[in-house]
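In this text, residue positions in the sequence shown follow our numbering: the first is 1, and each later residue adds one. In this text, a Cβ means the ideal position worked out from N, Cα and C, and glycines have one as well.
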Amino acid sequence: MKRFHVNVSVGDIAEGIRFYSALFAAEPTIRKHDYAKWMLDDPRVNFAISQRGYPIGVNHLGFQVDSADELTAMRAQLTRADHALVEQTGAACCYANSDKYWITDPTGVAWETFHTLDGIPIYGGDTDAPKTGACCVPLTPTKDRACCKPEVTATAKACCAT
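Put into structure tokens, the structure is as follows:
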């Protein structure tokens with residue numbers, strides 16, 4: 001079963017946690033010094049916030065799936081939406097290892113579809129936020145490149161600026 005995913009960059013993680021905990025009437029499932037995540041069932045959403053130096057606001061949207069088979073099944077649907085799909089295997093991001101696909105909508109919003117494999121003790125492979133872009137959204141179509149939002153151009157509407 002899919003779970004909708006929203007990632008929001010915030011200016012103050014403590015204030016973000018206070019606000020969203022009150023809004024959701026629940027404490028975060030995961031709470032770190034720069035990140036918090038709520039795994040809600042009503043509505044069924046994986047809602048995350050992070051304070052990592054990115055522009056404040058919606059960072060990216062997506063779907064979390066429960067299995068590798070469900071992730072594979074989503075590939076055709078995602079490719080129909082954006083044939084410039086980027087695949088990441090074993091990506092370290094947001095205190096988790098995940099297999100994922102990235103696409104970009106026509107307005108430049110990054111969409112992540114992922115299956116979480118396990119938790120990890122660090123945020124991910126990056127240590128500093130890039131000057132622009134969304135965390136963990138690959139810039140180039142490689143398995144191990146994380147962070148940096150895909151560029152949108154007239155000829156390449158989606159992921160993977162060259």
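Requested in this report: On a CA-only basis, which of His115, Glu27, Ile49 and Ala25 is nearest glycine 11? Give me that one, please.
Outcome: It is Ile49 whose Cα lies nearest to the Cα of glycine 11.
Query raised in the report: Taking methionine 39 as the reference, which of His33, Ala26, Lys32 and Gln51 has the closest Cα?
Result: Considering only alpha carbons, the answer is Ala26.
Query raised in the report: Contact between the stretch 109-119 and the stretch 59-78: three or more CB pairs below 8 Å?
Result: Taking 8 Å as the limit for Cβ pairs, the verdict is that the stretch 59-78 does touch the stretch 109-119.
Query - Inter-residue CB distance, alanine 96 and threonine 116 (contact presumed, cutoff 8 Å) - result: Right, the Cβ-Cβ distance comes to about 5 Å (below 8 Å), so this counts as a contact.
Query raised in the report: Hey, glutamate 4 and valine 45: beta-carbon distance below 8 Å or not?
Result: A quick correction: the sequence has phenylalanine, not glutamate, at residue 4. For phenylalanine 4 and valine 45, yes; Cβs fall inside 8 Å.
Query raised in the report: Taking all protein chains shown into account, do 16 or more other C-beta atoms lie within 10 angstroms of the C-beta of aspartate 69, making it buried, or fewer, making it exposed?
Result: Its Cβ having fewer than 16 others within 10 Å, aspartate 69 is exposed.
Query - valine 86 classed as buried or exposed, judged by whether at least 16 other C-beta atoms fall within 10 angstroms - result: So valine 86 counts as buried.
Report task. Verify whether the separation of the beta carbon atoms of aspartate 82 and threonine 104 is less than 8 Å. Result -> Result yes, Cβ atoms of aspartate 82 and threonine 104 sit closer than 8 Å.
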